[in-house]
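Residue numbers (the UniProt record's numbering), protein chains in the order written: chain A, 1 to 346; chain B, 1 to 346. Using N, Cα and C, we set each Cβ at its ideal position, and we do this for glycine too. This one's a predicted model, so the numbers in the text were calculated from it and none came from an experiment. Worksheet for the structure shown next.
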DNA sequence: AGGGGGTATGTAAACGTTTACAAGTGCAGC
DNA sequence: GCTGCACTTGTAAACGTTTACATACCCCCT
């Protein structure tokens, strides 16, 4: 009943040319005379022909897809980055396979089959916690697809990287609070061994020192970027006899979790404690109170990473490590809203 | 320099068998004697062979990928659904291509190339606002890939569907508010022509009527599911001389946008107005105040949709419309938190 | 007239699998 | 000893493109 879909052969037949000419009309039109080109297009219309991308990819020895490894798809932080990536990748004819790398069990990372089967021409890694071996020993050595990091990265893997000025972001947060008169400033960090956590903690410490403010170990709480861990930090804050009057957070979600938990216990923000986030998620502007935070250009991060990968895929493997690997760092900005306020009282 | 990746030929050579035997060892091991099987596996290890999925797909005339059409990737509502889909799809060896269908310009929907080129074996549609033609006329008639709807759907396209009990959800919200003594209950809906908007509005109206409560047209506000539209509804609420004392929303984001905008103008929830959302996003539990809402089993929706699609892909096209198309509707539940309170005063 | 350089096309061999078909073996039943 | 069957394996033809190479033609120059 259901006929085979028309192939390039059928088009060639209909147009009275060879399959080579049809193929050329499609992928290198300048090689084909205008008259022929037109009759080919006409034949394509007639037959309802659609290019079979699988066949093209087989012949060209590439897959036409890239994979992006996301630590946690449920985290709204990544959505914009993903659309940035998808935007430039689909412009360039690539499919984007999105993979959540969150481990199913603590020590077993889930790597989908297509990954080990090197079904992708390239890789964008948003997860800096993946094991080095996992990332490098997949597939045969020569089949290692080009890879770039975005947001997070792994220190001892030398690959192009796009990130954000984390230290500057932390500094902006601290300076803002200092300008409001706060002198006891705490910090809620991400997972202790995460590169972002480290960069932001260090940035916070340095800015505190530069402002001549104390940097007490008992004022920095460890979290894991999630809402829940913000709530946990709030419990610690409330339990502490000697609290900071303001805290900076390494993510908006922790900031919101922190504020909500405080609210539950009748502690009000910013009246009793000022809070600044990091990320500027959409919801930040619509939180209660609207969240003062550090804005990250998320779509730009995605677009930049995609462009970097495109470039790396285009350069032949032997040239890839000629020059130092590119690193772009994008600017951040403080967005003042209502979760921060001048220190009350003298 | 870089040798070709080992192919099935190299394995066959190393194991002293034919390529057919290697192929069978991989995709139909029961046809191969145990001795041979073992030597093939040994040869695979030796050579570092990886299956080339592109070649397999070409030969098998399928792509090994499914696409999912999401109205808006930035909406955190979809993330869990996507992981549910990805979970069962990757278990079954399929890649998942995620596509944001949000129009770039008002009347031009963005359909990535791979879609029109039917590079997918199946389709999960989460967007009920797509045009009928767009969805049905892609590709040649016989190449139409199996399709299922999830969450949203299009009335006059008969396809399997998994949805949620929207009327029940709306009813639960209204009953909860009524039980708290509210008699003036409003509603913030989604885009007017969206199927969910319609179902939830109708459910609200019916529940109101069943409870003997008024259902005033000026108490229902039109939104579009976004935070911003919730804020806009708040402006209308505040401007109204004769306000409802409680509102139900067709999405959590609108509920939060509503509350935040009220907060900005000094109106407090739930003291002055009770609010119930719909979705139960992660953030709902950590909002200020924590949001009373209707829980949707989002991961289950994704998993169910994926399983339906798998089944539909497995049944030959001519059998596909034998029986009535399956429809599963999953249950919802009210989650009471702090954004609703008994009506103050008599 | 012969040669050189484009330009436009065709021929046919890949790309790496899967699978219909054929063929070989061993064994049971007669 | 022959037939038939079950089980393994091999042979070779697809799947639908792209592309190196060959060819044909036209035009211009000497």
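Rounded separation between residue i and residue j - CA only
i                      : j                      : result
residue 244 of chain A : residue 273 of chain A : 8 Å
residue 120 of chain A : residue 122 of chain B : 20 Å
residue 194 of chain A : residue 158 of chain A : 17 Å
residue 290 of chain A : residue 260 of chain B : 7 Å
residue 317 of chain B : residue 201 of chain B : 37 Å
residue 41 of chain B  : residue 63 of chain A  : 26 Å
residue 16 of chain A  : residue 61 of chain B  : 27 Å
residue 242 of chain A : residue 215 of chain A : 13 Å
residue 12 of chain A  : residue 31 of chain A  : 16 Å
residue 95 of chain A  : residue 97 of chain B  : 7 Å
residue 288 of chain A : residue 236 of chain B : 19 Å
residue 324 of chain B : residue 295 of chain B : 29 Å
residue 49 of chain B  : residue 299 of chain A : 38 Å
residue 279 of chain B : residue 310 of chain B : 26 Å
residue 153 of chain A : residue 23 of chain B  : 38 Å
residue 327 of chain B : residue 148 of chain B : 10 Å
residue 168 of chain A : residue 315 of chain A : 33 Å
residue 198 of chain B : residue 186 of chain B : 15 Å
residue 285 of chain A : residue 79 of chain A  : 17 Å
residue 143 of chain B : residue 5 of chain A   : A caution first: residue 143 of chain B carries a pLDDT of 41, below 50, which makes its placement in the model unreliable, though a value can still be read off. Computed Cα separation, rounded: 7 Å.
Residue i vs residue j beta-carbon contact at 7 Å
i                      : j                      : result
residue 150 of chain A : residue 124 of chain A : yes
residue 85 of chain B  : residue 68 of chain B  : yes
residue 227 of chain A : residue 257 of chain A : yes
residue 248 of chain A : residue 276 of chain A : yes
residue 73 of chain B  : residue 176 of chain B : no
residue 146 of chain A : residue 312 of chain A : yes
residue 81 of chain A  : residue 302 of chain A : yes
residue 53 of chain A  : residue 165 of chain A : no
residue 217 of chain B : residue 174 of chain B : no
residue 293 of chain B : residue 336 of chain B : no
residue 25 of chain B  : residue 37 of chain B  : yes
residue 171 of chain A : residue 212 of chain A : no
residue 14 of chain A  : residue 55 of chain A  : no
Reference residue i, options the options, closest by Cα
i                      : options                   : result
residue 179 of chain B : B:260, B:341, B:90        : B:341
residue 253 of chain A : A:183, A:324, A:76        : A:76
residue 250 of chain A : A:20, A:229, A:315, A:128 : A:229
residue 343 of chain B : B:80, B:322, B:184, B:11  : B:184
residue 126 of chain A : A:315, A:34, A:305        : A:305
residue 307 of chain B : B:160, B:319, B:9         : B:160
residue 8 of chain B   : B:99, B:51, B:57, B:329   : B:51
residue 329 of chain B : B:163, B:263, B:209       : B:163
residue 66 of chain A  : A:89, A:263, A:59, A:28   : A:89
For residue i, the three-state DSSP class (helix, strand or coil)
i                      : result
residue 97 of chain B  : strand
residue 176 of chain A : helix
residue 243 of chain A : coil
residue 301 of chain A : helix
residue 109 of chain A : Below a pLDDT of 50, predicted positions are generally treated as unreliable, and residue 109 of chain A, at 43, falls in that range; the measurement from the model is reported next regardless. Three-state DSSP puts residue 109 of chain A in coil, outside helix and strand.
residue 327 of chain A : strand
residue 59 of chain A  : helix
residue 90 of chain A  : helix
residue 279 of chain B : strand
residue 24 of chain B  : helix
residue 70 of chain A  : strand
residue 48 of chain B  : coil
residue 262 of chain A : helix
residue 139 of chain A : Here the model assigns residue 139 of chain A a pLDDT of 42, short of 50, so the residue's position is not dependable, and the following value carries that caveat. Residue state, collapsed to three classes: coil.
residue 121 of chain A : coil
residue 225 of chain B : coil
residue 337 of chain B : coil
Per-residue contacts from residue i into chain B (C-beta, under 7 Å)
i                      : result
residue 259 of chain A : 288
residue 272 of chain A : Ordered by position in chain B, no residue passes the 7 Å Cβ test against residue 272 of chain A, which lies about 14 Å from the chain.
Chain A contact residues for residue i, given Cβ-Cβ distances below 9 Å
i                      : result
residue 221 of chain B : Within 9 Å Cβ-Cβ: nothing; residue 221 of chain B doesn't reach chain A, min ~16 Å.
residue 296 of chain B : What residue 296 of chain B touches in chain A: nothing, since even the nearest Cβ is about 14 Å away.
residue 34 of chain B  : In chain order: nothing, as chain A lies at least about 25 Å away.
residue 184 of chain B : The premise fails here: residue 184 of chain B is roughly 23 Å from chain A at the closest Cβ pair, so nothing lies under 9 Å.
Contact set between residue i and chain B, taken where Cβ atoms lie within less than 9 Å
i                      : result
residue 45 of chain A  : The contacting residues do not exist; residue 45 of chain A stays about 12 Å from chain B at best.
residue 256 of chain A : 283, 286, 287, 288
residue 211 of chain A : None at all; the shortest Cβ gap to chain B is about 29 Å.
Cross-chain neighbours of residue i in chain B, by beta carbon under 8 Å
i                     : result
residue 54 of chain A : 54, 57, 58, 63, 119
Cβ-heavy atom distance, residue i to the ligand SAH, below 6 Å
i                     : result
residue 48 of chain B : Looking at this structure, you won't find the ligand SAH or any other ligand, since it has none at all.
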